[in-house]
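FYI, the numbering used here numbers position 379 of the sequence shown as 368, with every residue one higher than the one before it.
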Amino acid sequence: MFKNCPKEDLRIVALELELIQYTIEDRKRVEEDRKKEAENRLREKELELELARLNVRVNSEYERTGEGCNSLDALVKSVRILTVKVPNRPEGWAFFFASLERAFVSKKCAREIQRLNSLWKRLSRDKEYLSLYEKFLHEYEDLGHMREIKADGSGVAFYMPHHGVYRPEKSTSKLSTVFNASSPSTSGKSLNSIQFNGGLVQEDLFSIMVRFRKHKYAFTTDIEKMFRMINIHPAQTCLQRILWKKGIGEPIKTYELTTVAYATVSAPYLATRTLKQLAMDEANNFPLAAPVVLSDCYMDDILSESESIEEVIELEHQIIEMFKTARMHLHKWCGNLPEITSNLQEYAFLESDETKALGIIWIPKLDCFLFQNRATKANFIHQKNGFVYYCKNL
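Now the structure itself:
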């Protein structure tokens, strides 16, 4: 066929055939790629469908057993006696309990015992540090916020390590005691890892601060020991155990914290949701105080205001009486007029020129906010960390 064709024509034909071959191969590759892509999409859809089936199955079992709303329902039903259940994650809860070691101190808490001994070594080096730590735990027990138990090895338990943050330079609150609920157990999970945080219940900081100075007269107060005034359900106090001893050579004792521990993930929700329920339940008895607790309260701080001194004084009275029904005490009262706190002599109130209102310095006498610029031009500003520090403090 190509016998008498010129070589140049044969070369052209060969090139065209080669191009055709390449085109065919490219098309095959494209088709194969499309086929693989379609298979992958199909596989993904099948996986999504399977996960959806599993999710439906888990949710149906979850709803059938009532675990999904158990914590929140129990919270609402039991909040009048300020006893709450910890909201939990069902997917981690079962595994946590299934693999958690038994509460046998001599064999199962070696790590916690080691940490306690290390803590005592630090405490023994500073008498004031030791005195403050012992005083804190002694008060905790005296107020009924923790109780000594006999760990006999029956049932499951979670032991929280604890330590102190000691700042001797501070005039007040030199010691802050921390209960570590994020320390993993032998299951690999911690108490915090299996809890819901519960979400936000109160309003955001900005809204509260904007309303705070909207009217002529204002005051601030603080709920004393708010977390510790709310009991944990007795069936769950075993999840808040600590070890303590009264001396280096003294026997180790086991205690259970009976109230909300502020180191736990769910603590802010449990406390704020309890306050919300308290305000809703007492709205008819305290019509001025209830809306304030619902809208002008952030964690344990209350910031409120009014256009008349008489209304402010009545509001303070209602807030005090409402929290008395929950056996909660208010302290650190502060107002922008002496008359606002003059009737609160039985309560601790601030006399300093400056106070903190949700982290911002407030000068009540001048009724103004103060923003301090602590940034200084130091040599390390030319370094990255120094520059970031400088910018943060502008």
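Glycine residues also receive a C-beta, built at the ideal position from the N, C-alpha and C atoms.
Nearest Cα to residue 239 within the set 187, 271 and 109: 109. Only residues of its own chain outside the window of five on either side were considered, and among them none has a CB closer than 6 Å to the CB of residue 257. Annotation note: the stretch 120 to 194 contains the following uninterrupted beta strand (DSSP E) runs of length 3 or greater, listed N- to C-terminal: 135 to 138, 151 to 155 and 164 to 168. Spatial neighbours of residue 295 in its own chain (CB-CB distance under 6 Å, excluding positions within 5 residues in sequence) are listed in chain order as 204, 206 and 301. The residues 149, 151 and 244, in chain order, have a CB closer than 6 Å to that of residue 231 in the same chain once the five nearest residues on each side in sequence are set aside.
By the neighbour-count criterion, in which a residue is buried when 16 or more other Cβ atoms sit within 10 angstroms of its Cβ, residue 262 is buried. In this structure, the CA atom of residue 251 is about 6 Å from the CA atom of residue 216.
When only Cα atoms are considered, residue 128 and residue 136 end up about 11 Å apart. Check the Cα spacing between residue 163 and each of 171, 172 and 120: the tightest is with 120.
DSSP places residue 295 in the strand class (E or B) of the three-state scheme. Bridge partners of residue 358 according to DSSP: 351. With respect to the C-alpha of residue 175, the residue from 16, 306, 220 and 99 having the closest C-alpha is 99. For residue 104, the secondary structure class from DSSP, reduced to helix, strand or coil, is helix.
In the three-state DSSP reduction, residue 222 falls in the coil class, being neither helix nor strand. In the structure shown, residue 342 adopts coil according to DSSP, grouped into three states.
Within its own chain, the residues whose Cβ lies closer than 8 Å to the Cβ of residue 227, once the five positions on either side in sequence are excluded, are 92, 144, 145, 146, 147 and 245, listed in chain order. In the three-state DSSP reduction, residue 306 falls in the helix class (H, G or I).
The beta carbon of residue 211 lies closer than 8 Å to those of 289, 290, 291, 319, 320 and 321 in the same chain, with the five residues before and after it left out. Of the residues 173, 180 and 118, the one whose Cα lies closest to the Cα of residue 153 is 118. In the DSSP assignment, residue 228 falls outside any alpha helix (DSSP H) and carries neither an H nor an E. In this chain, residue 211 is not harboured by any alpha helix (DSSP H); it is covered by the beta strand (DSSP E) spanning 206 to 213.
Look at residue 245 here: in three-state DSSP terms it is strand.
Here residue 287 carries a strand assignment [DSSP, helix/strand/coil].
Ranked by Cα distance from residue 268, the first of 324, 255, 328 and 284 is 284.
The C-beta separation of residue 208 from residue 331 comes to about 12 Å, leaving the pair out of contact by the 8 Å criterion. Here DSSP, grouped into helix, strand and coil, assigns residue 17 to helix. DSSP links residue 324 through a beta bridge to 208. Rounded to the nearest angstrom, the Cβ distance from residue 122 to residue 191 is 32 Å, too far for a contact under 8 Å. A straight line joining the alpha-carbon of residue 229 with that of residue 156 spans about 26 Å.
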